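> I am attaching a structure below and will ask some questions about it afterwards.
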Amino acid sequence: MKDKSLDKLVHRLNRIGGQIEGIKKRVGHGEDDCVQTLQQLKAVINGLKKFGESYVHTHMDACLKDKMADRDDLEKSLKEVISSAFSL
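Start counting the sequence shown at 20; every next residue gets the next number (the working numbering).
Okay, structure coming up:
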């Protein structure tokens with residue numbers, strides 16, 4: 020049976036995808052209400068942040084256990100990810 024946390028992650032991505040499709044339709048059809056579009060954009064950005072946080076929480080233990088053999092590579096990779104996440 021599939022893990023419920025994975026189902027939640029996929030559901031979150033599907034919701035974000037739907038929001039992006041909504042933005043594309045509004046912009047592509049000339050029905051671009053800037054307030055609604057900006058609200059949807061904010062929802063997409065926040066959704067991606069929440070997805071990232073949930074993904075890390077869900078997969079951190081497994082990721083760390085798999086990579087623990089080479090601590091230096093793990094440390095380097097984590098620092099790169101953290102730096103890129105906060106340089107947005």
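Note that CB positions come from ideal geometry on N, CA and C, so glycine has one too.
Model, not experiment: these values are computed from the prediction.
Please specify which runs of the beta strand (DSSP E), each continuous and at least 3 residues long, are wholly inside the segment 31 to 73, giving them in chain order.
Runs of the beta strand (DSSP E) inside the segment 31 to 73: none found.
> Based on Cα-Cα distance, which residue from Val63, Cys53, Thr56, Gln55 lies nearest to Arg34?
For Arg34, the nearest C-alpha among the options comes from Val63.
> What's the C-alpha gap between Gly71 and Thr77?
C-alpha separation (whole angstroms): 10 Å.
> CB-CB under 8 Å to Leu25, same chain, minus the five flanking residues each way: which ones, in chain order?
Taken in chain order, the residues that qualify are Thr77.
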